[in-house]
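Under our numbering, the first residue of the sequence shown is numbered 1205, with each subsequent residue one higher. Beta carbons: idealized from backbone N, C-alpha and C, even for Gly. Values in this document were obtained by computation on a predicted structure and should not be read as measured data. Below is one structure; the comments refer to it alone.
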Amino acid sequence: MDVILLCVRWYVAYSLSLRNLEEMMAERGIEVDHSSVHRWVVKLVPLFEKAFRRVKHPVGRSLRMDETYIKVKGQWKYLYRAVDKEGNTVDFLLRAHRDKPAARRYFEKAIAQNGEPEIVTVDKSGANLAALEALNAGRPTPVKIRQNKYLNNVIEQDHRAIKRIIRPMMGFKNFRSARIILSGIEIMHMIRKGQMRGDGGTKTAADQFYSLVM
């Protein structure tokens, strides 16, 4: 089990391909097939995510939201993400399309998991604005919407940490595995940013990750 957990953590924490991990394990005298690592990641990451959401620190109520491109089976898909003004990750959601329904589904998930924001900053995307306006139409207290490309630099910078990890993966083979692997990468990224409760400031990021399922 220790080898399985190590491979899963390394895959979502560092810029490594599955074959990189196969070679690294072989150097340690451990025979691991790259396809096995992929199966372990797809099976275990949903458990890590479920556990992490129970111990995630609350986020601020001023959000910066944006989406970034992710290649799945040779086609571009869209990872919707937001951070608060301190740079803490609010939530994430992979969608097949970049449009109003996709943006609205993201906001619905983020609000359900993290509570209602007071203000959301988006870029000049009409789809994101339309999604927020549609949500506001049914709310007694509307969320304030701010469109400002430059204020969203913090989320654009945060995208880079995710994209850096997935670069060696050379694109995902299917949507389901992409969604699961990206959630593992996001969890590790949030742990590194100190978004997990109960660490006491003494546990390493690796120990915090393992503690989610041990």
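Go to residue i, then tell me how far its beta strand (DSSP E) extends in each direction, as first and last residue.
{"i": "V1347", "result": "Neither: V1347 is in no beta strand (DSSP E) and is coded neither H nor E."}
Return the first residue and the last residue of the alpha helix (DSSP H) that residue i is part of.
{"i": "F1311", "result": "1304-1318"}
{"i": "F1256", "result": "1238-1258"}
{"i": "R1401", "result": "Careful: R1401 lies outside any alpha helix (DSSP H) and carries neither H nor E."}
{"i": "L1225", "result": "1222-1231"}
{"i": "N1356", "result": "Counting along the chain, N1356 falls outside any alpha helix (DSSP H), and DSSP gives it neither H nor E."}
{"i": "Y1414", "result": "1409-1415"}
{"i": "E1337", "result": "1330-1341"}
{"i": "R1213", "result": "1206-1217"}
List the residues that DSSP assigns as beta-bridge partners of residue i.
{"i": "V1287", "result": "R1268, T1293"}
{"i": "Q1351", "result": "V1326"}
DSSP three-state call for residue i: helix, strand or coil?
{"i": "V1276", "result": "strand"}
{"i": "I1323", "result": "strand"}
{"i": "L1298", "result": "strand"}
{"i": "Y1282", "result": "strand"}
Return the chain-ordered list of same chain residues with a C-beta closer than 8 Å to the C-beta of residue i, the five sequence neighbours on each side being excluded.
{"i": "L1473", "result": "The chain is shown from 1205 up to 1418; residue 1473 falls before or after that span and cannot be answered."}
{"i": "A1300", "result": "K1281, Y1282, A1306, F1379"}
{"i": "R1350", "result": "I1323, V1324, T1325, V1326"}
Using CA coordinates, which residue listed in the options is at the minimum distance from residue i?
{"i": "E1226", "options": "A1306, V1216, C1211", "result": "C1211"}
{"i": "L1416", "options": "A1255, S1240, S1381, P1346", "result": "A1255"}
{"i": "T1345", "options": "Y1215, E1320, G1278", "result": "E1320"}
{"i": "M1373", "options": "H1238, I1208, R1232", "result": "H1238"}
{"i": "A1410", "options": "R1268, R1213, R1368, K1260", "result": "R1213"}
Should residue i be flagged as near chain B, meaning a C-beta pair shorter than 8 Å?
{"i": "R1350", "result": "Going by chain labels, chain B is absent from the structure shown, which holds only one protein chain."}
Using a Cβ-Cβ cutoff of less than 7 Å, which residues in the same chain neighbour residue i once the five nearest sequence positions on both sides are dropped?
{"i": "R1308", "result": "A1335, A1338, L1339"}
{"i": "H1393", "result": "T1293, A1365, I1366"}
{"i": "F1201", "result": "Because the chain spans 1205 through 1418 in this model, residue 1201 falls outside it and cannot be assessed."}
Ordered along the chain, which non-local residues of its own chain (more than five positions away) have a Cβ less than 6 Å from that of residue i?
{"i": "A1217", "result": "M1392"}
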